[in-house]
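In this note's numbering, the protein residues as written are 234 to 710.
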């Protein structure tokens with residue numbers, strides 16, 4: 234740049250009305266060697282001052298807070314694959330492993346607590362698991378604005394700490410209320426800080442493959458639901474409740490280091506979003522799907538919580554096999570959270586979750602007639618597969634029902650917040666229906682309640698699908 238321009242640039246220049254910097258002039262300044270620039274010296278100096286000021290301002294803001302210039306609604310800019318994208322799937326898999334995986338493990342604790350907290354009813358005990366699952370979904374919804382503001386890493390670190398800390402505190406518990414505070418409240422809040430942000434970030438790296446990415450990540454919850462109950466069941470009789478629980482805590486510590494290391498936000502919305510987008514509930518597909526998920530979740534986890542207790546108390550299986558039923562459900566749900574998602578990428582999430590929800594409801598109705606070991610095992614295998622879609626498909630369905638990608642986090646959070654109340658109410662109601670008298674437990678009535686909830690939820694999914702595509706059958710939805 235010439236000397237006069239340099240002198241002007243070093244002073245505190247102010248734009249006069251006739252000195253507005255036009256985009257074309259700034260583009261010429263940035264693309265043309267300064268020595269051959271055709272811009273007037275004073276205008277060139279003003280542009281340099283603006284560029285330097287912008288650079289200084291951006292440098293003063295932490296990188297994690299500076300949104301990328303790529304539009305969040307620009308689907309073409311989404312990589313839809315690559316090493317960094319698949320590392321996010323790995324990180325999300327670990328988060329599912331230590332969030333939903335822990336929720337899926339509670340059936341093992343429910344059975345153990347039934348014989349330990351003898352003064353507490355089945356309904357009382359189930360409140361621990363239901364509040365834990367409720368906080369996972371509800372707190373997750375509330376963290377959306379923090380995620381949008383660039384606090385993804387803070388959410389990741391604080392959530393990981395609370396999950397591990399709560400698990401370690403649980404190992405020291407001897408009473409119902411101690412377990413409630415450690416397992417339901419502390420771990421529940423920790424999982425809530427981790428869940429929705431871990432799902433939302435996948436839509437930044439995948440577009441057409443988002444259902445596959447979420448499905449693969451969701452298998453972490455199934456694997457966690459297999460490994461953690463087995464670890465607890467094998468260690469608890471030999472080393473005691475305390476050390477069995479601490480071993481699980483150390484496993485969580487190791488596995489949570491991975492997402493804290495590899496996960497990275499690719500872009501942030503241009504502006505902070507509102508906590509709620511009330512207009513979403515005026516859209517019939519979104520309203521029906523959210524309502525269906527809320528009612529469906531009320532019944533979905535009842536078999537997860539009570540199938541072990543049912544099989545052992547009724548004599549359908551011996552105690553040893555009874556403790557492995559939860560692992561069987563979660564093992565089959567690995568396939569239920571991947572294969573349907575592969576089809577969902579081509580056919581649409583609503584087209585897959587609707588029939589799977591119907592089959593899930595049918596299986597619970599069939600459970601009324603199950604009285605022996607083979608029947609219980611077959612139920613667990615099929616129930617794990619078809620119920621898996623309830624966890625793996627809603628995130629991608631919320632994405633498909635949201636035209637403005639900047640509102641994905643908002644609408645997903647709102648949807649899961651509503652569904653959390655179904656999770657909160659379902660299993661305690663089932664426990665109250667079951668009763669406290671071991672000699673007169675009402676399992677049939679419990680299964681009827683669960684089946685009715687999932688049936689109504691699946692019918693609402695049908696309504697949501699019709700609202701999207703009409704009565705056409707061969708249409709992606």
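C-beta: ideal position from N, C-alpha, C; glycine also.
When we look at the beta-carbon of residue i and count the other beta-carbons within 10 Å, is it buried (16 or more) or exposed?
i, result
"residue 711", "A question about residue 711 goes unanswered here, because the residues of the chain that appear run from 234 up to 710."
"residue 612", "buried"
"residue 348", "exposed"
"residue 703", "exposed"
"residue 762", "The shown model of the chain, from 234 to 710, leaves out residue 762, and the question about it has no answer."
"residue 208", "What the structure shows of the chain is the stretch from 234 to 710, and residue 208 is not part of that stretch, so it cannot be assessed."
"residue 690", "buried"
"residue 570", "buried"
"residue 512", "exposed"
"residue 494", "exposed"
"residue 707", "exposed"
"residue 711", "The structure shown does not extend to residue 711, since the chain is modelled only from 234 through 710, so no value can be given for it."
"residue 523", "buried"
"residue 256", "Any reading at residue 256 needs caution, since the residue's pLDDT is 46, under 50, leaving its predicted position unreliable; the model's value is listed next. By the 10 Å Cβ count, residue 256 comes out exposed."
"residue 471", "exposed"
On the premise that residue j lies in contact with residue i, defined as a C-beta separation below 8 Å, what is that separation, rounded to the nearest angstrom?
i, j, result
"residue 436", "residue 641", "6 Å"
"residue 644", "residue 519", "7 Å"
"residue 625", "residue 447", "6 Å"
"residue 479", "residue 404", "4 Å"
"residue 663", "residue 597", "Rounded, the Cβ-Cβ distance is 11 Å, inconsistent with contact."
"residue 311", "residue 440", "4 Å"
"residue 526", "residue 627", "6 Å"
"residue 413", "residue 491", "About 30 Å; that fails the 8 Å criterion."
If we call anything under 8 Å between Cβ atoms a contact, is residue i one with residue j?
i, j, result
"residue 343", "residue 400", "no"
"residue 353", "residue 661", "no"
"residue 583", "residue 528", "no"
"residue 687", "residue 532", "yes"
"residue 424", "residue 377", "no"
"residue 552", "residue 545", "yes"
"residue 573", "residue 635", "no"
"residue 465", "residue 659", "no"
"residue 483", "residue 339", "no"
"residue 368", "residue 427", "no"
"residue 417", "residue 469", "no"
"residue 395", "residue 420", "yes"
"residue 648", "residue 453", "no"
"residue 601", "residue 510", "no"
"residue 609", "residue 550", "yes"
"residue 700", "residue 559", "no"
How is the alpha helix (DSSP H) around residue i delimited, first residue to last?
i, result
"residue 619", "606-620"
"residue 542", "535-547"
"residue 467", "443-495"
"residue 634", "Per DSSP, residue 634 belongs to no alpha helix (DSSP H) and is neither H nor E."
"residue 579", "572-580"
"residue 440", "That residue, residue 440, is in no alpha helix (DSSP H); it is neither H nor E in DSSP."
"residue 312", "Careful: residue 312 lies outside any alpha helix (DSSP H) and carries neither H nor E."
* Asked: Counting only runs that start and end within the region 388-438, where is the alpha helix (DSSP H) found for 4 or more residues in a row?
  -> 409-412, 420-433, 435-438
* beta strand (DSSP E) runs wholly inside the region 325-355, at least 3 long, in chain order -> none
* Contained alpha helix (DSSP H) runs [length at least 4] in the region 664-703, N- to C-terminal order -> 676-702
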